[in-house]
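Below is one structure, written out as structure tokens, with a few remarks after it.
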Amino acid sequence: MSEDWKTIFSQQAFESAKSDFFSSKLPGSILFFGAEGTGKLSSALSLSRLLSCEKNGAEDCDCASCRASKEIANPSVLICGSRACSLLIKAAQKRLLKYPSEEESKTLFIRAVRILTVRFTPFLWTGSDKLSKFAPLLTEIEDELSSISKDAKKASESIVKSCEKLEEFLYNSMPIDQVRAALEWARIKPSHAKKVLILENAERMQEGSRNALLKILEEPPLDAVFILTTANRGAMMQTILSRVRPYSFSPRSKSVEKDILRAVFREESDLSISEYLNSFLPISHAEIREKAKSYWRTICSGKIPQADALVKECATFSPRSVFFDFLRALFEESCDFSSNSFSSMKSEIAASVSSSVRDAWNAVSVFNQTPVAAIECLTRELFHSIRLSR
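So the number in our numbering is just where the residue sits in the sequence shown, counting from 1, plus 645.
Right, here's the structure in full:
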């Protein structure tokens, strides 16, 4: 079985989409929805290989398009949207360092890296001042990838560091300029087969971006297929849902997840896939919750937490998903009114904290503000809200 297909164990949704493809019943716009870690992106990538194949879509096809798809370097396939890629890259690196001579180990690592780098296709970032800042990182990563076979340890360590820096440039919510650029790309006629645009976490798109997408879904190009993914179907615009064919991804059993860890990462573990990937975080979820609890209680006691010290203790909130976990834990702690004196003003405090937390996340994920600056602003807002409530 090829590396491209290993991560799709026990997903009838993918089998249904594949069957629709081979029977020429696959529509131009589809939605893969289901919980995190159920193989939606892996399935989208495998389906995109079929759609862009120059021959018959056989699993062992060796056409130029399929060879490029194997390493996620197919110019007919574009991936957009936010995703925490660094954990997968580190997990793939661990296998690479354990089995550096295995071709599948190299391929897994290359694929993990390009799941991130393809989102920085210059076409998507035209006109952005970020392009000149991250372009050198892309060049460094590609240069190091070509050295994987010579010195896996040195090359992979350099690549991981560059990828962590690169990931910081990703928007949590795709700006409308990127959506328009992606849609323009989809309209350009391919040299063969079809072009595939994969939009991950489509529910995070802002209103303007959703409306731009809606327009092309109403009249999709004949030579393009749109694959949207989401872990929260209920957050999708109903008008978009009405224009895509949904495929539901179910949670996998423990035994299947164990099989996937063994087949993909060469790991014998009872952890779920999500738990295994989270083991590569620089700080555990439990530690993050404790930091959030301490931060909230310090503010409630009338003191000002030191933002720079907090950020350092939280591994600089890198990858960005750590910052999201901290904010979520902070909001949950602020809603625990049994441990503070705000029981008479539950709704007011909760609304204030919710707004401040959302602003802090947007400051970092959308406007690229540093975590220290975002925490300083968050602290001021929370301190002011609590003081007014007393």
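Don't be surprised by glycine CBs; every beta carbon is placed ideally from N, CA and C.
The alpha-carbon separation between Ser939 and Ser979 amounts to approximately 11 Å.
The C-beta distance from Phe654 to Ile905 rounds to 5 Å, short enough to meet the 8 Å contact threshold.
Between Ser919 and Glu681, the C-beta gap is smaller than 8 Å, which places the two residues in contact. Leu790 and Ala718 have their C-alpha atoms some 13 Å from each other. In the DSSP assignment, the residues bridged to Tyr892 are Phe677. In this structure, DSSP gives Val870 an extended state, which the three-state scheme calls strand.
By the criterion of at least three beta-carbon pairs nearer than 8 Å, the stretch 846-855 is in contact with the stretch 873-887. Note: Val841 is bridge-paired with Val722, Val870 in the DSSP secondary-structure output. Nearest to Glu1026 by C-alpha distance, out of Ser999, Phe1012, Leu815, Asn701, is Ser999. Thr875 is bridged by DSSP to Phe678. Annotated as distal: Leu975 and Val1009, with beta-carbon spacing of 8 Å or more. Taking 8 Å as the cut-off, the beta carbon of Val763 is found no closer than this to the beta carbon of Cys808. Following the DSSP letters along the chain, one finds Ala857 inside the alpha helix (DSSP H) bounded by residues 852-863. When the beta-carbon positions are compared, Val841 and Ser697 come within less than 8 Å of each other. Going by C-alpha positions, Leu723 is about 46 Å away from Thr943. Residue Lys739 holds the alpha-carbon nearest to the alpha-carbon of Ala800 among Lys739, Glu813, Ser773, Ser895.
The stretch 656-663 and the stretch 687-695 touch, with three or more beta-carbon pairs separated by less than 8 Å. With distances taken between CA atoms, Ile734 lies nearest to Ile760 out of Ile760, Lys775, Pro866.
Sequence-distant Cβ neighbours of Thr961 in its own chain, meaning closer than 8 Å and more than five residues away, are Pro1016. Counting the other CB atoms within 10 Å of its CB gives Gln883 a total below 16, which places it among the exposed residues.
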